[in-house]
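Numbering (the numbering used here), first residue to last: 648 to 1347.
Backbone N, C-alpha and C fix where the C-beta goes; we use that ideal spot for every residue, glycine too.
The structure under discussion appears below in the form of C-alpha cells.
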C-alpha cells in the first residue's frame, strides 16, 4: 500500500514538473524568430537558462511599466526593454558571431539612449507619447510596432510572433548608413573647408593626451580616478587622434546644420575609438575599473546615437542649430560647453583646460539612472487605488449604487493575482483551458464579493455580479454532464456559457486588463458578469450549495422533518389535506420492476444520452434527483434485509408505480422539448406533449 502511494506521488510530481516546463516561455525560439535567416545557429544550448529567466522577468516588468500609460513609465519601460535585449544577446555569445545579433545590439543601444534622454522640463524630449494615440522615439513613430509587440506578449501569441514583432520594433532604430525604405537619401557631404588651426606640437604628444584624458576622467568620476599613465598613449596614437579632433572641430566651424551634425558624430566616434584602443593595448590595466571611462564611453555613445537619429524629412532631427545663437542635441543645450571645448582646443590651451572642456561637454549626455526600487515603489502606489477604482466601475456597470469603503487592498491584490492566473489559462485558446480559466475567474469574483459586508452585497450591481459568478461557478463545475452542453467555445470566434454569448464581453475585459490598464477593466468586468447573470437557471444555491445537501439527506433518511412527508416513510401515504385515502397495494410485480428499471435507466442516462441534448438542466436535475432517491431507497431496503416479497415493499422503501410512471411521462415531454421542436417542428411538438401529458394524467 505504501509503495502504491509513493508511486502515485511520484507520478503527480512528474506531471506537475512537465506542466511547469510546458508553460515556460522558450526564449531561444523567440531569438530564432528575431534573427531570421540565421535561426539555425541559435539553439537552446547557447542561450543560458539564467539569462533566459532574467530576460523573461525583465521583459515582463518592462511591459507592466509601459502599460501604466504615462510618458515617464513609457520611457522607463522602453529603456528596460532595450537593456534586457542587450543582456540576452551578450549572454548568448556562444551562439556565434551572428550578423543579426550585431544589428540587434546596435538597435537596442540606440533605443536605450533615446528612451533615457531627458531634457529640461521635458521640452524636445526623445520620447513623445499620448496614450492610445501616438508614440515617437527620436522622431520615429513606433506606435504600431510597439503595439504589435505588446499584443503578442500579453495575448500569449507564442515565441515566434514575439520574436518577429520585437525585431520589427527594433528595426525602427537601425543605423542610418544605408538608405532605408522610404527614407530620403543623404546629400553627399561637402568637402571640409580649410581648417584655420592645426594641432600644435604639444597636442600631438602622448603626454598631452594623458594629462587631458586624466583631467576629463577625474571630472566624470566620483572618486576622481586618473587611470592613464604615460605608457598608454604613444606619440603616433596622439597625433592620429589629434587630426581627428581637428577635423571634427573644423566641420563644426562651417556653421551649417549638416556640418555641425557631422562634426559632432566624428567627435563621438573618435572618443569611443580612442578608449577602445587603450583598453585593447593592455598598457592601461586600470581603465577596466575606471568609473570615469565608463561614463565617458556611455556619453560618447549617446551623443553618436542622438546625432545619428533621423526622420523622414530631417536627417538630423535631434540636432537643432542656429549659427552663433543656439545648439541643442536631444533637447540638451550644449552651445556654451561646445564653444568652451573648441576654444580651448584651437587656442592651444593647456591639457587640463582642454580636459575640463571635454568633461563638461560630455557630462551633458550622462544617463540619469534611477533605482529599480524607486520605480517599483511608484508602481505599487499607483496600483492600489487603480484596483479600487476598477471595482467601483465594475459595480456601477453591473447595476446601481456606490460601493464606498467595501474593498480592502489585500483582498484586491489577491483578486488581481487570481485573475492573472485565470487569463493565462484562457489565452491558451483551448476549450479545456478556457473552461479552467472561466472557473478560476468565477472563483475569484465570487470570493471577493462574498467577503464584502452585507450592506455592500445588497447593492444592485454587487448582486448582479455575484449572481453571474454563482452561475458561472455552477456551470464550470459540472463533472457528470458534458461541458460542451453548457460551454461552447471556438478559438477567436465564439464563446457561449449556458446559452448566452459572452465572447465580445470577455474579449473586452481581457483587452482592457492585459493591453490597456486595470483601471479601464472595471466596466467590462461588470458588463461581463451582468450578462452572465442573465443565464436561465443554474443558480449555484439551487443545486450546488453545500448548505442545501442536508435536504436530500433528510428526505432519504428521515432526518429533521416530519416522517410522514417522506416517500419512504409510510406505504402510499398522503397528508390529510390532500383528501385522498390510502390505496391498496397492487400485487403486479412486473409493474414494480419495470418502474424500478425505468428509474435506473433514467438515472443512468446522465452518462449516456441526456448529456448530448440541449435542455434546461433544472428539469434534468429534477428527473435525476427523483430517480436517485428511488435508487437510494432501494439500496436502503436491500441493506436492511426486510424486503417483503409478497408485497414487493419494505418499511424503508415504497414504489408508487402509477405515480412514478406518470411522472416519467410528464418529464419525458419536458426533457425532449427542445429536441422535438428542432426535429419535428412546433406543431408536432405540441401534439407529442399533449399525448404524453394525457398518458401521464391517465396513469395518475
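The beta carbon of residue 796 lies closer than 6 angstroms to those of 812, 813 and 816 in the same chain, with the five residues before and after it left out. Note on geometry: alpha-carbon atoms of residue 860 and residue 848 lie some 17 angstroms from one another.
If you look at residue 966, you'll find it in the beta strand (DSSP E) that goes 966-969. In the structure shown, residue 1087 falls within a helical segment according to DSSP collapsed to helix, strand and coil. In this structure residue 1072 is buried. Its beta-carbon is surrounded by 16 or more other beta-carbon atoms within 10 angstroms.
Burial state of residue 871 is exposed, judged by a 10 Å Cβ sphere holding fewer than 16 other Cβ atoms.
In the displayed model, residue 975 falls within a strand according to three-state DSSP. Counting C-beta atoms within 10 angstroms of its own C-beta, residue 1052 has fewer than 16 neighbours from the protein chains shown and is therefore classed as exposed. If you look at residue 783, you'll find it in the beta strand (DSSP E) that goes 781-784. The three-state secondary structure of residue 981, taken from DSSP, is coil. Note on geometry: alpha-carbon atoms of residue 857 and residue 752 lie some 31 angstroms from one another. Of the residues 952, 1164, 1153 and 1123, the one whose Cα lies closest to the Cα of residue 1145 is 1123. Spanning the alpha carbons of residue 1169 and residue 731 requires a straight line of approximately 32 angstroms. Apart from sequence neighbours up to five positions away, no residue of its chain approaches residue 969 with a beta-carbon distance below 8 angstroms.
With contacts defined as CB atoms closer than 9 angstroms, residue 1115 and residue 1179 qualify as a contacting pair. As for any beta strand (DSSP E) of minimum length 3 sitting wholly inside the stretch 689-724, there is none. With at least 16 other beta carbons inside 10 angstroms of its own, residue 1165 counts as buried.
Pairing residue 755 with residue 736 gives a Cβ-Cβ distance under 9 angstroms.
Scanning the stretch 872-909 from its first residue to its last, the whole alpha helix (DSSP H) runs of 4-plus residues come out as 882-899.
For residue 1143, the three-state secondary structure derived from DSSP is strand. Going by DSSP, residue 1134 is part of the beta strand (DSSP E) stretching over 1134-1137. When the beta-carbon positions are compared, residue 867 and residue 942 come within less than 9 angstroms of each other. CA-to-CA, the gap between residue 1077 and residue 1083 works out to about 10 angstroms. Pairing residue 1000 with residue 892, the inter-Cα distance amounts to about 15 angstroms. Using a Cβ distance threshold of 9 angstroms, residue 931 and residue 876 count as a contacting pair. In the three-state DSSP reduction, residue 775 falls in the strand class (E or B). Of all alpha-carbon atoms in 878, 880 and 953, the one lying nearest the alpha-carbon of residue 915 is that of 953.
Taking every protein chain shown into account, the CB of residue 973 has fewer than 16 other CB atoms within 10 angstroms, so this residue is exposed. Between residue 949 and residue 774, the C-beta spacing is not below 9 angstroms.
Annotation: residue 715 to residue 747 spans about 32 angstroms, alpha carbon to alpha carbon. The DSSP-derived three-state label of residue 870 is coil. At a Cβ-Cβ threshold of 9 angstroms, residue 1045 and residue 1157 do not count as neighbours. Assignment of residue 787 by DSSP, reduced to helix, strand and coil, places it in the strand class. Residue range 1107-1123 is occupied by the alpha helix (DSSP H) that includes residue 1112. Contact between the stretch 688-701 and the stretch 716-726 is absent, with fewer than three C-beta pairs closer than 8 angstroms.
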